[in-house]
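Worksheet: the structure to be examined is printed underneath.
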Amino acid sequence: MTTPPTTHLELAEVIAARVPAQVAAILEAFASAGATVRDALATAPLMSLLGSTGTTNVQQESTAKLDDLANDVMHQALRLPGVARLISEEDTVAVELGDGPYTCAFDPLDGSSNIGVAAVGSVLGVFEGVPAGGLSEATPVTGRQLLASAFIVYGVPTIMVLATPGRVDGFAYDPADRSWRLAFPALRAAQAQYTSINWTYRDRWSPAVTRSVDAASAGLRGRYSGSMVEDVLRVLMSGGVFLYPEDSASPAGKLRMLYEICPIGLIMEAAGGAATDGARAVLDVPVTTIHQRGPLVAGAADAVERYRVAYTAPD
Ligand code: AHG
Ligand code: MN
Ligand code: MN
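Each residue of the sequence shown is one higher than the last, beginning at 0 in numbering that gives the first Met the number 0.
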């Protein structure tokens, strides 16, 4: 096997000048936790780590053993100086840690239905300015309070996409030395080629959603994995749009604002793309509860704009 070149910058070198030191430590801890989750996924079939715990989480979703494992790994990694609270998809309530400017929201394992068969990932958002008492109707937060966001896709290669406002980079994981190195500097949301949506839900969509999905997808080729992170990575690498609109089974949308939609919204805007709920940029939507859901249409700016125009047109 050839030795990989070490000319690619390490994660710490890339982010040091872009975020406060405590945020850099959070992002490095997320990457390191990701390496641990990746190792667990790699040997899961041999370690009795596939399958369900037999319980459901606060969202009434069946919890996989690896959902639990990834949640524990992320919790351990992110208890850091400056972090006031941790919000996880798998937890009923926010975990309050004490004083500090930052709130970390995370999806420990995204795409759980693909565990053992296809790529899954992890998502992180680092918010600042969340009031001491947490989120409420009186004290909403928005994605504009994100200092940074990132997601990992545990594929081959394992890739982490990391954004701060105005800049997105892609890092590749090197298992030889457990490093994350800059492999895709300054990612841009390219011209759309692919459209990613669960088309089997077409009969659940309103007329506005149906015409908007068709408008956004016109001329594009379909790809849908069931892991948002994988589909969003394709949007960044190959060009496209990812859509999970509201439907009759999920009237508010399925994806969650704090640890799915907002982190992807920051990444898309920083890459020159866009992310909307149909009417508003997802980063402008007030979030008042930790597991609040929303619709998400994210990717190349022209495709997202076609969705928005069709969605907001009079019936
Ligand atoms: P999670 O596994 O964290 O609950 O998220 C799954 C999400 C997302 O990754 C994916 O795009 C979507 O759910 C798939 O849902 P459908 O099976 O309804 O298409
Ligand atoms: Mn998810
Ligand atoms: Mn999840």
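Think of the CB as a built atom: it goes at the ideal place given N, C-alpha and C, for glycine as much as any other residue. Predicted, not measured: the structure shown is a model, and the values here were computed from it.
Closer than 6 Å to some heavy atom of ligand 2: that describes the Cβ of Asp106. The beta carbon of Asp67 sits no closer than 6 Å to any heavy atom of ligand 2. The DSSP-derived three-state label of Met46 is coil.
Between ligand 3 and the CB of Asp173, the shortest heavy atom gap is not smaller than 6 Å. At least 7 Å separates the beta-carbon of Thr91 from that of Asp67. The Cβ-Cβ distance between Val22 and Val94 does not fall below 7 Å. Met73 has its Cβ no nearer than 6 Å to any heavy atom of ligand 1. Judged by DSSP secondary structure, Thr275 falls within the beta strand (DSSP E) whose first and last residues are 273–275.
Assignment of beta-bridge partners to Gly120 by DSSP yields Asp109, Val152. Take Thr157, set aside five residues on each side of it, and the residues of its chain with a beta-carbon closer than 6 Å to its own are Arg37, Tyr172, in chain order. Short of 6 Å from the beta carbon of Leu161, and not among the five residues preceding or following it, lie these beta carbons of its own chain, in chain order: Ala149, Asp168. For Thr311, the enclosing alpha helix (DSSP H) begins and ends at 300–311. For Ala273 and Gly264, the gap between their C-alpha atoms comes out near 7 Å. Excluding the 5 residues flanking it on each side, Arg203 has same chain C-beta neighbours closer than 7 Å at Asp246, Ser247, Ala248, in chain order. Contact between Gly221 and Ala299 does not hold, since their C-beta atoms are separated by about 15 Å, which reaches or exceeds 8 Å.
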